Each structure stands twice: as C-alpha cells, then as structure tokens.
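Numbering (UniProt numbering), first residue to last: 1 to 96.
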C-alpha cells in the first residue's frame, strides 16, 4: 500500500498515526583523536563493496597505517566474515 492510502484510511477511521522518532543526537562533545607520532601506532579499517558485471557482489577490506598512509592489507572476497577480519589483523600484528 502506498503512504497516501494509509494516511487516508487512518484519517477515515479517525486514528492517529504514530510518528517516527527523530535522529538521536550525541550527548556532550567528542574529544579529538590524538595524532599518531610514529608508524604502527594507529590503523584504520575500511570496507568497500561493489558488484561485478555479472551482478555478483564483492567486498574489499583495506587496512591503512594512519601515520605512514601505507596500505597494510587489502583483502578482496565475495564475503568477509568477522573471523576473517580478526585473522587478517592478527596476521598483521604478528608481521609488524
């Protein structure tokens, strides 16, 4: 059913439509992140998703060192589980 029809039916039955809650705002202010002073002090993770020409989806996990901007790992697969992310991070920690 479309939204206009729902509103009309509610109005005809004299019902009140439940309003959605607004966006929750953060309480207080955030402290700025400390700038890393050397390599391997802070890493950033990013997930990117896209689709192949045949419609299959794939994901890319990128791990970047925030100080050197070096790409530490790039994992490409059709599915990346949490266990796989942990395994890749443990491998990186052991390497570095």
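Note that CB positions come from ideal geometry on N, CA and C, so glycine has one too.
These numbers were taken from a predicted model, which means no experiment stands behind them.
- In its chain, beyond the 5 residues on either side, 57 have a beta carbon closer than 7 angstroms to the beta carbon of residue 51.
- DSSP, reduced to helix, strand and coil, places residue 15 outside both helices and strands of the structure shown, so it counts as coil.
- The three-state secondary structure of residue 35, taken from DSSP, is coil.
- Under the DSSP assignment, residue 87 falls in the alpha helix (DSSP H) whose first and last residues are 82 to 95.
- Residue 45 counts as exposed, since fewer than 16 other C-beta atoms from the protein chains shown sit within 10 angstroms of its C-beta.
- In the structure shown, residue 45 adopts extended strand secondary structure according to DSSP, grouped into three states.
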